[in-house]
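Residue numbering for the sequence shown follows the working numbering, starting at 2 and increasing by one per position.
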Amino acid sequence: MKLALHWKILIGMILGLLFGIFMKNIGMVGAVTDWIKPFGTIFINLLKMIAVPLIVVSLITGLADLKDISKLSKLGGRTVALYLFTTVFAVCIGLVLANVIKPGSYINEVSRDTLLSSFTGDANAKIQMAETAKNQGPLQPLIDVVPENFFQALTDNASMLKVILFTILLGIGIILVDEKKSQPVVDFFKGLNEVILKIIDIIMLAAPIGVFALMASLMVEIPDFTTLGALAIYGMTVLLGLLI
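Here it is, written out as structure tokens:
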């Protein structure tokens, strides 16, 4: 019987955990870091690589199918309202669960100090970004959504909102142009959408290997098993939030 992909991914995760524990116990951490972890990094990079093209093409295809700009305005208003409501609701759920369960409290002091020393640079960068955002004007987020250069925004996954704005404008332009003139553009993006979806299918075939490598490298890099327990608590907290 052929296993479904999600079962293969689950098996890959479990085998990766067991393999990582085994390699850590026999002192072969370097072998995992040098020869196994790169496959996990490659898998993550493949997912990041396809994210922007998928969003751009699927948005343009969906907008072009509306045909009528009035439908877009109604749909856009409802989408923004629903997005704001669900975002606020999701943030509230996350804050409540995080403060009630406190997943970070399950890490012992030694592991916490080790993690802090390892990720101090990343943490300081995030703090600096938060301080910079705090000192900016109230309309700065609106400015940040508008790209100076669309192609430059395409090269940065963090600039997704800029890409989405230009994509929406492009979709509106397609709707407003005479259908005979815009049809070749629509056909191109619909064909490209099918190609990208097929690429995603190909990438997901490597998912079991990717998660195996990621879990194995995680196991050899964590300070001790209390960190794994804290990660498990964190994972269950996330699942509980998603369930709610």
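Every residue, glycine too, gets a C-beta built ideally from N, C-alpha and C.
{"Item": "Out of T34, A65, L162, M216, state which residue places its alpha-carbon closest to the alpha-carbon of P148.", "Value": "L162"}
{"Item": "Enumerated in chain order, which unbroken segments of the alpha helix (DSSP H) with a length of 4 residues or greater are wholly contained in the stretch 187-218?", "Value": "none"}
{"Item": "Report back the beta-carbon spacing between M216 and M14 to the nearest angstrom; my notes put them in contact at under 8 Å.", "Value": "5 Å"}
{"Item": "Hey, which unbroken runs of the alpha helix (DSSP H) at 4 residues or more fall wholly within the stretch 150-194?", "Value": "151-155, 161-177"}
{"Item": "For the alpha helix (DSSP H) that contains D66, what are its first and last residues?", "Value": "That residue, D66, is in no alpha helix (DSSP H); it is neither H nor E in DSSP."}
{"Item": "Smallest Cα separation from F213: which of W8, D225, K3, G17?", "Value": "G17"}
{"Item": "Quick one: is F44 buried, meaning 16 or more other Cβ sit within 10 Å of its Cβ, or exposed?", "Value": "buried"}
{"Item": "Just checking, does the stretch 26-36 make contact with the stretch 125-144 on the three C-beta pairs under 8 Å criterion?", "Value": "no"}
{"Item": "Within 10 angstroms of the Cβ of T168, are there 16 or more other Cβ atoms? Answer buried if so, exposed if not.", "Value": "buried"}
{"Item": "Kindly indicate which residue of G242, A207, A233 has the alpha-carbon position closest to the one of G41.", "Value": "A207"}
{"Item": "Please report how far the alpha carbon of T88 lies from the alpha carbon of G105, in whole angstroms.", "Value": "24 Å"}
{"Item": "Are I94 and I245 close, meaning C-beta to C-beta below 8 Å?", "Value": "yes"}
{"Item": "What's the C-alpha gap between S59 and L67?", "Value": "13 Å"}
{"Item": "By the 10 Å Cβ neighbour count, where 16 or more other Cβ atoms means buried, how is G31 classified, buried or exposed?", "Value": "exposed"}
{"Item": "Could you pull the start and end residues of the alpha helix (DSSP H) that P142 belongs to?", "Value": "141-146"}
{"Item": "How is the alpha helix (DSSP H) around L244 delimited, first residue to last?", "Value": "226-244"}
{"Item": "How close, in whole Å, do the beta carbons of I56 and V178 come, if the pair is a contact with beta carbons under 8 Å?", "Value": "At roughly 22 Å, the Cβ-Cβ gap does not stay under 8 Å, so I56 and V178 are not in contact."}
{"Item": "Rounded to the nearest angstrom, how far is the Cβ of V53 from that of L155, given a contact under 8 Å?", "Value": "6 Å"}
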